[in-house]
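Some notes on the structure that comes next.
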Amino acid sequence: MENASIADLWDRLTGTQPDPPWWLVALVGLVALGTVLHGPTWRVARNTVTIAHEGGHALAALLTGRKLDGIKLHSDTSGVTVSRGKPHGPGMVFTAFAGYVAPPLLGLLFAVLLAAGRITLMLWFTLALLAGMLVMIRNAYGVLSVVGTGALVFAVSWFGSAEVQAGFAYLAAWFLLLAAARPVVELQRMRARRMAPTSDADQLAHLTGVPGAAWVTMFGAVALAALVAGGALLVPSDLSLPDLPGPPLLPGG
Numbered sequence: 397m398e399n400a401s402i403a404d405l406w407d408r409l410t411g412t413q414p415d416p417p418w419w420l421v422a423l424v425g426l427v428a429l430g431t432v433l434h435g436p437t438w439r440v441a442r443n444t445v446t447i448a449h450e451g452g453h454a455l456a457a458l459l460t461g462r463k464l465d466g467i468k469l470h471s472d473t474s475g476v477t478v479s480r481g482k483p484h485g486p487g488m489v490f491t492a493f494a495g496y497v498a499p500p501l502l503g504l505l506f507a508v509l510l511a512a513g514r515i516t517l518m519l520w521f522t523l524a525l526l527a528g529m530l531v532m533i534r535n536a537y538g539v540l541s542v543v544g545t546g547a548l549v550f551a552v553s554w555f556g557s558a559e560v561q562a563g564f565a566y567l568a569a570w571f572l573l574l575a576a577a578r579p580v581v582e583l584q585r586m587r588a589r590r591m592a593p594t595s596d597a598d599q600l601a602h603l604t605g606v607p608g609a610a611w612v613t614m615f616g617a618v619a620l621a622a623l624v625a626g627g628a629l630l631v632p633s634d635l636s637l638p639d640l641p642g643p644p645l646l647p648g649g
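For the sequence shown, my numbering begins at 397 and goes up steadily by one.
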């Protein structure tokens with residue numbers, strides 16, 4: 397019985413699920429867009445972007461051989477990832493660069509999985525990422541933020557109907573793709589007011605000699621490219637407008 401349950405779970409995880417109806421994809425896309433544009437809602441939802449941002453820093457640090465000390469997430473949606481290693485060189489550059497590009501690239505990865513019908517896999521992959529990040533969180537709000545997000549994803553993936561799971565998964569992908577550009581715009585506004593002297597872009601400028609504005613432009617370019625590519629994957633390929641009635645026939649025509 398236990399082996400059968402494990403086999404069923406594995407089949408569920410690795411199998412494909414049917415595509416959601418086009419109206420659901422469009423609806424959750426509009427909800428995601430509204431969340432990004434509506435200030436009060438954005439201030440809450442931005443926490444998920446911060447999780448992806450700091451997760452990007454952390455993953456890049458590990459991939460480049462740096463020692464990851466910990467991650468802190470704050471209620472103002474800021475965060476900090478601390479790693480140890482050489483204070484310069486490719487590893488440090490990659491780690492600093494990875495933050496702002498992580499949300500759009502994660503959204504693009506979600507879109508690839510959803511386009512392949514891997515809705516359950518996408519949700520459980522998200523849980524695995526959150527679990528891996530949780531062990532490196534070093535403050536109470538960060539734990540609350542990651543655990544709360546993980547609990548929501550788990551509840552949907554375990555208890556939600558197929559349509560609820562699909563809607564939630566597409567909402568997450570749309571949100572990351574649409575939300576990725578707003579922090580970049582906010583970053584440049586703060587830099588213009590000299591309110592972010594230690595931002596990722598300015599750290600990269602110090603490390604490479606390339607102006608901070610150029611790095612901000614690269615962040616924005618990645619976000620835009622991911623949105624275009626991811627959006628093309630999320631929109632149903634067989635979407636077509638309903639047939640319109642033809643003109644009335646004239647008598648004797």
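Even glycine gets a Cβ: it sits at the ideal position worked out from N, Cα and C.
Paired residues, beta bridge with residue i - DSSP
{"i": "glycine 466", "result": "Val478"}
{"i": "isoleucine 402", "result": "Per DSSP, none; premise fails for isoleucine 402."}
{"i": "isoleucine 533", "result": "Ile467"}
Residue i to residue j span [Cα, whole Å]
{"i": "isoleucine 467", "j": "threonine 437", "result": "24 Å"}
{"i": "valine 549", "j": "leucine 523", "result": "7 Å"}
{"i": "leucine 420", "j": "leucine 630", "result": "11 Å"}
{"i": "alanine 565", "j": "glycine 435", "result": "23 Å"}
{"i": "alanine 558", "j": "alanine 536", "result": "34 Å"}
{"i": "alanine 448", "j": "leucine 525", "result": "9 Å"}
{"i": "leucine 510", "j": "tryptophan 406", "result": "18 Å"}
{"i": "leucine 517", "j": "serine 479", "result": "30 Å"}
{"i": "leucine 530", "j": "proline 632", "result": "34 Å"}
{"i": "alanine 588", "j": "proline 483", "result": "26 Å"}
{"i": "proline 414", "j": "isoleucine 515", "result": "9 Å"}
{"i": "tryptophan 570", "j": "alanine 628", "result": "11 Å"}
{"i": "glycine 430", "j": "glutamate 450", "result": "24 Å"}
{"i": "phenylalanine 521", "j": "leucine 505", "result": "11 Å"}
{"i": "glycine 411", "j": "isoleucine 402", "result": "14 Å"}
Residue i vs residue j beta-carbon contact at 8 Å
{"i": "glycine 616", "j": "alanine 507", "result": "no"}
{"i": "glycine 395", "j": "alanine 494", "result": "Coverage of the chain is limited to positions 397 through 649, which leaves residue 395 absent and any answer about it impossible."}
{"i": "tyrosine 496", "j": "aspartate 598", "result": "no"}
{"i": "leucine 603", "j": "methionine 488", "result": "yes"}
{"i": "methionine 532", "j": "leucine 464", "result": "yes"}
{"i": "alanine 572", "j": "leucine 502", "result": "The residue asked about is misnamed: residue 572 is leucine in this sequence, not alanine. In this structure, leucine 502 lies closer than 8 Å to leucine 572 by Cβ."}
{"i": "threonine 477", "j": "arginine 442", "result": "no"}
{"i": "arginine 578", "j": "valine 432", "result": "yes"}
{"i": "valine 445", "j": "alanine 622", "result": "no"}
{"i": "proline 416", "j": "glycine 563", "result": "yes"}
{"i": "leucine 519", "j": "serine 553", "result": "yes"}
{"i": "leucine 469", "j": "glycine 528", "result": "no"}
{"i": "threonine 491", "j": "alanine 457", "result": "yes"}
{"i": "glycine 485", "j": "arginine 462", "result": "no"}
Coarse secondary structure for residue i, derived from DSSP in three states
{"i": "alanine 619", "result": "helix"}
{"i": "alanine 553", "result": "Reading off the sequence shown, one finds serine at residue 553, where the question assumed alanine. The answer is helix: DSSP assigns serine 553 an H, G or I state."}
{"i": "glutamine 584", "result": "helix"}
{"i": "proline 579", "result": "helix"}
{"i": "leucine 409", "result": "helix"}
{"i": "aspartate 415", "result": "coil"}
{"i": "methionine 614", "result": "helix"}
{"i": "aspartate 472", "result": "coil"}
{"i": "proline 499", "result": "helix"}
{"i": "histidine 484", "result": "coil"}
{"i": "serine 541", "result": "helix"}
{"i": "alanine 454", "result": "helix"}
{"i": "glycine 461", "result": "coil"}
{"i": "proline 653", "result": "Here the chain comprises residues numbered 397 to 649, so residue 653 is not present and cannot be evaluated."}
{"i": "histidine 449", "result": "helix"}
{"i": "valine 606", "result": "coil"}
{"i": "glycine 513", "result": "coil"}
Integer-rounded CB distance, given that residue j should sit under 8 Å from residue i
{"i": "valine 440", "j": "leucine 567", "result": "About 14 Å; that fails the 8 Å criterion."}
{"i": "glycine 608", "j": "leucine 620", "result": "The Cβ separation is near 19 Å, so there is no contact."}
{"i": "valine 606", "j": "proline 500", "result": "Actually they do not touch by this definition, with Cβ atoms about 20 Å apart."}
{"i": "valine 580", "j": "valine 624", "result": "In fact, because the Cβ distance is near 15 Å, the residues do not count as touching under 8 Å."}
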